[in-house]
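Student: Note that the numbering used here numbers the sequence shown so that position 45 is 160, with each residue one more than the last.
For glycine and all other residues, C-beta sits at the position ideal for the given N, C-alpha and C.
These numbers come from a predicted model, not from an experiment.
Could you have a look at this structure, given as structure tokens, before my questions?
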Amino acid sequence: LLAYPDLHREAADGAAAAPEPPQPSHAPAQTPTGAPKLSPQSQTEADSRYQAIINQYGDRFSDAQKTDLKRLCIFAQPPLDRIRAYAVGNRDLPALYLKPLVERDKNPPASGSLKLSSPTAEKPSAPAKPARTAPAKQPTMDKP
């Protein structure tokens, strides 16, 4: 067991040995060719999004993937700016109502002939005959 003063010493040694997370670079950001022109606020947001991803998953990316990630963060910013610029209030209804699809059994039309029906050409059909059922059996008495 460690005594109380030893705990502080162990914690200090562990903190000193822990690797530091990468700090955001203060160098000018290199924008890819053909990148959209962003406002300073949008550029800051795209850079902070890139840094958040790098801080969390940086060891998983190669240099080429990091470059591509930077490009994706920059190109994703203009659509976000347009969405945020759209004024929405609490009384605004959704633009689309989602209606669930209910699967219904549909009889396919008879193959080969599609008839155009007209109200005068229709003849009332005869009522359907009830299905025939077998007569009930009478109980029989067994003789001993």
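#1: Would you grab the beta carbon distance between residue 192 and residue 160 for me? Rounded to a whole angstrom, and I think it's under 8 Å.
#2: Can you tell which of 165, 183, 216 and 157 has the C-alpha that lies nearest to the C-alpha of residue 197?
#3: Output yes or no for whether 8 Å exceeds the beta carbon distance between residue 165 and residue 185.
#4: With residue 193 as the anchor, note down where its alpha helix (DSSP H) starts and where it stops.
#5: If you draw a straight line from the C-alpha of residue 200 to the C-alpha of residue 194, how long is it?
#6: Below 8 Å between beta carbons: does that hold for residue 190 and residue 215?
#7: At what residues does the alpha helix (DSSP H) containing residue 207 begin and finish?
Tutor: The short version:
#1: On the sequence shown, position 77 is the one that residue 192 refers to. On the sequence shown, position 45 is the one that residue 160 refers to. About 6 Å; that satisfies the 8 Å criterion.
#2: Position 82 of the sequence shown, counted from the first residue, corresponds to residue 197. It is 157.
#3: Here residue 165 is taken as the residue at index 50 of the sequence shown, counted from 1. Here residue 185 is taken as the residue at index 70 of the sequence shown, counted from 1. Yes, the Cβ-Cβ distance between residue 165 and residue 185 is below 8 Å.
#4: To locate residue 193, count along the sequence shown from 1; it is residue 78. Note, residue 193: alpha helix (DSSP H), 178 to 200.
#5: On the sequence shown, position 85 is the one that residue 200 refers to. On the sequence shown, position 79 is the one that residue 194 refers to. Distance between the alpha carbons of residue 200 and residue 194 is about 10 Å.
#6: Translated into positions along the sequence shown, residue 190 becomes position 75. Translated into positions along the sequence shown, residue 215 becomes position 100. Not in contact: residue 190 and residue 215 (Cβ atoms no closer than 8 Å).
#7: Position 92 of the sequence shown, counted from the first residue, corresponds to residue 207. Looking at the DSSP string, residue 207 is not in any alpha helix (DSSP H), and its letter there is neither H nor E.
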